[in-house]
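Here's the structure we're looking at; comments come further down.
There are 2 protein chains.
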Amino acid sequence: MHQLIGKMFAPAFSNKLLNQQHDGAAIDLGNGTKIAFTTDSFVVSPLFFPGGNIGTLAVNGTVNDLAMCGAKPLYLSAGFIIEEGLPMETLWQVVHSMSEATETAGVQLVTGDTKVVDRGKGDGIYINTAGIGLIDSDRAISPTQIQPGDKILINGDLGRHGMAIMAVREGLEFETEIKSDCAPLVDPVFALLDAGIEVHCLRDLTRGGLATTLVEIAESINTHLHISEAAVPVREDVRGACEILGFDPFYVANEGRFMAFVPPDDAGRAIEILRQFPDGDQAAIIGDVTEKSGTVVTMKSQIGATRILDMLSGEQLPRIC
Amino acid sequence: MHQLIGKMFAPAFSNKLLNQQHDGAAIDLGNGTKIAFTTDSFVVSPLFFPGGNIGTLAVNGTVNDLAMCGAKPLYLSAGFIIEEGLPMETLWQVVHSMSEATETAGVQLVTGDTKVVDRGKGDGIYINTAGIGLIDSDRAISPTQIQPGDKILINGDLGRHGMAIMAVREGLEFETEIKSDCAPLVDPVFALLDAGIEVHCLRDLTRGGLATTLVEIAESINTHLHISEAAVPVREDVRGACEILGFDPFYVANEGRFMAFVPPDDAGRAIEILRQFPDGDQAAIIGDVTEKSGTVVTMKSQIGATRILDMLSGEQLPRIC
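Heads up: the protein sequence lines correspond to chains A and B, in order. Final position of the first sequence in the working numbering is 602; the numbers increase by one with none missing. Final position of the second sequence in the working numbering is 602; the numbers increase by one with none missing.
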């Protein structure tokens with residue numbers, strides 16, 4: 282996918298805004314109005330999982346991409362591709378969840394479209410959402426703002442969304458049910474910004490998880506990032522599920538987790554703020570941006586060795602969102 | 282579909298912007314900046330047809346929805362849902378066509394997303410586009426602006442897109458190849474506006490064609506519209522194809538055709554302007570808005586009788602866009 286985007290889509294549509302390579306495009310409309318614009322399609326299978334469904338994902342996924350641009354999410358579009366024969370009850374549950382999710386995230390769904398495809402030419406329902414958010418005009422949050430010395434923070438434990446999906450797919454039952462962390466990230470992001478934390482970059486840890494996201498950022502700014510394995514919080518049940526199924530939690534998708542790059546002086550205060558949010562008690566400083574150039578991410582492992590983190594090649598978990 | 286939207290989506294997401302029931306939402310961002318925001322998913326089958334492909338449709342469909350709001354289309358997002366096994370060559374042709382279509386329409390594709398679904402769970406490729414356009418702040422173009430006495434104009438002959446698709450599906454060959462009318466409508470729309478034509482409402486004649494669109498508008502403003510069958514241009518080859526296949530050209534989808542509601546004094550000048558555009562030589566005044574209230578559309582037939590036009594029930598042509 283990374284190659285497909287780099288070799289086909291990026292050259293075909295090359296323009297200054299697309300080339301930002303961020304979770305969304307930041308667009309200056311003039312008159313002091315700056316917006317972020319983003320889109321995502323959702324094809325998760327199964328449609329329903331502990332902690333959410335394709336509808337909650339479709340709202341929060343786009344809301345969070347906007348928040349990662351430092352934009353206040355305001356307006357969403359929704360495009361439904363429905364397979365002939367989908368029970369109305371299923372569609373209604375998804376739509377109802379989307380409606381609740383828009384209220385929770387403080388956004389309005391303002392325009393939509395519905396298409397029906399023949400039986401066997403879809404998989405129940407696919408949803409695309411696009412979103413518009415307003416950016417405070419003096420705020421620049423993007424990989425290019427990252428400075429050597431910045432601390433890398435995450436807002437909680439990793440791997441729950443991916444493992445919630447896998448548990449359903451594989452029919453596994455654990456002692457405690459693993460629920461997706463799917464949630465809107467607007468409040469924690471704006472709590473950081475409103476507290477005057479100098480946030481340089483934000484990125485949510487969705488497809489490919491923490492490790493892939495770190496490598497993408499390191500590549501895009503040609504800078505060395507270093508993290509400590511011991512500092513990254515992973516719940517015991519998630520770690521156990523990963524071991525049973527042969528996954529690495531660092532590569533598992535999350536839907537309510539993000540990374541923030543902040544100056545070292547702000548890091549402690551930022552963690553205090555992040556810990557005040559639901560599910561945020563394990564927010565942690567996991568690493569830093571070094572002085573070295575070169576696109577590489579290293580991790581000090583639990584036993585003290587240092588190894589290179591690679592991007593996920595192939596899909597560890599297809600159709601996770 | 283009309284019922285699904287009315288009974289499920291509209292109540293679930295009810296808000297002032299969604300309730301505009303136009304081709305897109307008009308949003309005031311403050312500071313004198315007003316945008317239009319719209320989305321469409323494209324599931325056309327086959328992916329390629331005379332005059333275009335799913336990629337050109339995906340760009341022009343959303344560009345035209347923005348133009349119908351009187352907005353200057355500027356930015357697009359694209360979400361691709363690709364079936365595993367789609368030949369790269371096919372994807373490249375679609376992406377290349379989209380790139381060309383964005384240049385022709387004067388828009389930039391600024392953000393995108395790609396998902397891959399398992400073989401058999403898609404149908405080659407589905408594309409969603411969402412778009413943002415800028416609205417001149419003093420311009421109100423919507424069904425509520427329609428006045429009794431307004432003339433109803435169309436910018437050319439009807440039925441080509443639908444018949445181009447059907448000819449490919451049915452393997453029919455006519456003496457002349459029927460090509461889709463798929464085209465961006467930005468230039469003719471802005472030619473009307475820039476010439477000072479008092480445009481009250483615009484609507485493109487896509488799914489459901491002219492008749493369904495007229496009924497939707499009449500219903501939304503509780504007003505009687507009257508058209509003359511003889512005034513509506515349909516090419517002979519399109520009429521012939523419709524007869525062979527049992528379609529009514531008034532219900533066949535178009536992708537480069539729109540309706541404009543203008544005051545009677547502006548109608549003649551508007552037609553002159555529309556006729557200057559490629560494929561616009563058959564632009565015509567086809568009817569008017571009467572003084573009567575009541576949601577009904579009537580048509581004076583070729584033989585002089587008056588009959589009521591109904592909305593298309595069921596899909597005459599599924600997966601036409």
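Every residue gets a Cβ at the ideal spot worked out from N, C-alpha and C, and that includes glycine.
In the structure shown, the three-state DSSP call for Thr314/B is coil.
Between Gly414/B and Phe318/B, the alpha-carbon positions lie close to 7 Å from each other.
Membership of His377/B in the alpha helix (DSSP H) is indicated by the continuous run 369-386. When the alpha-carbon of Thr576/B is set against those of Asp591/B, Arg484/B, Thr587/B, Gln563/B, the nearest one is in Asp591/B. In terms of Cβ geometry, Gly490/B and Gly440/B form a close pair [threshold 9 Å].
In the structure shown, Asn345/B falls within a helical segment according to DSSP collapsed to helix, strand and coil. Note on Arg588/B: under 16 other CB atoms within 10 angstroms of its CB, so exposed under the neighbour-count rule. Per DSSP, reduced to three states, the secondary structure at Arg520/B is helical. Taking every protein chain shown into account, the CB of Ala448/A has 16 or more other CB atoms within 10 angstroms, so this residue is buried.
Distances from the CA of Asp462/B to each of Ile427/B, Glu456/B, Val519/B were compared; the closest alpha carbon is that of Val519/B. DSSP, read as helix, strand or coil, puts Met592/A in coil. Inter-residue distance for Gly333/B and Tyr532/B is about 21 Å (C-alpha atoms, whole angstroms).
In this structure, DSSP gives Lys581/B an extended state, which the three-state scheme calls strand. Annotation for Ile427/B: His481, Cys482, Ile498, Ile502, Thr504, Phe542, Val570 place their beta carbon closer than 8 Å to its own, counting only its chain and skipping 5 residues before and after. Per DSSP, Glu458/A lies in no alpha helix (DSSP H) segment and is marked neither H nor E. Counting along the chain, the unbroken alpha helix (DSSP H) around Phe471/B starts and ends at 467-475. Residue state for Gln426/B is assigned as helix, using DSSP reduced to three classes. Fully contained in the region 486-516 of chain A are the following alpha helix (DSSP H) runs of length 4 or more, in chain order: 490-502. For the region 443-467 of chain B, the set of residues with a beta-carbon nearer than 7 Å to any beta-carbon of chain A is empty. Within chain A, no residue has its CB atom less than 8 Å from the CB of Val340/B, the nearest being about 11 Å off.
Taking a C-beta distance under 9 Å as the contact criterion, Val467/A and Val391/A do not qualify as a contact pair. About 7 Å separates the beta carbons of Asp321/A and Gly360/B, which is inside the 8 Å limit, making them a contact pair. Inter-segment contact for the region 444-458 of chain B and the region 345-354 of chain B is absent: fewer than three beta-carbon pairs are separated by less than 8 Å. Contact annotation: the region 555-574 of chain A does not touch the region 410-424 of chain A, with fewer than three C-beta pairs closer than 8 Å. Here Gln284/B carries a helix assignment [DSSP, helix/strand/coil]. Closest by C-alpha distance to Ile335/A, out of Gly403/A, Ile408/A, Ile552/A, is Ile408/A.
Sixteen is the threshold: when 16 or more other Cβ atoms of the shown chains lie within 10 Å of the Cβ of Thr487/B, as they do, the residue is buried.
Spanning the alpha carbons of Leu298/B and Pro429/B requires a straight line of approximately 25 Å.
For the set Lys402/A, Thr457/A, Asp485/A, Asn341/A, the Cα lying nearest the Cα of Gly387/A is the one of Asn341/A. Under the DSSP assignment, Met540/A falls in the beta strand (DSSP E) whose first and last residues are 539-543.
DSSP places Arg484/A in the strand class (E or B) of the three-state scheme. In the three-state DSSP reduction, Val397/B falls in the strand class (E or B). In the three-state reduction of the DSSP assignment, Ala293/A falls in the helix class, which pools H, G and I.
Ser358/A places its beta carbon less than 9 Å from that of Thr410/A.
Contact of Thr493/B with chain A is not assigned, every C-beta pair being separated by 9 Å or more. Within the region 312-332 of chain B, the residues whose Cβ lies closer than 7 Å to some Cβ of chain A are Asn312, Gly313, Thr314, Phe318, Thr319, Thr320, Asp321, Ser322, Val324, listed in chain order.
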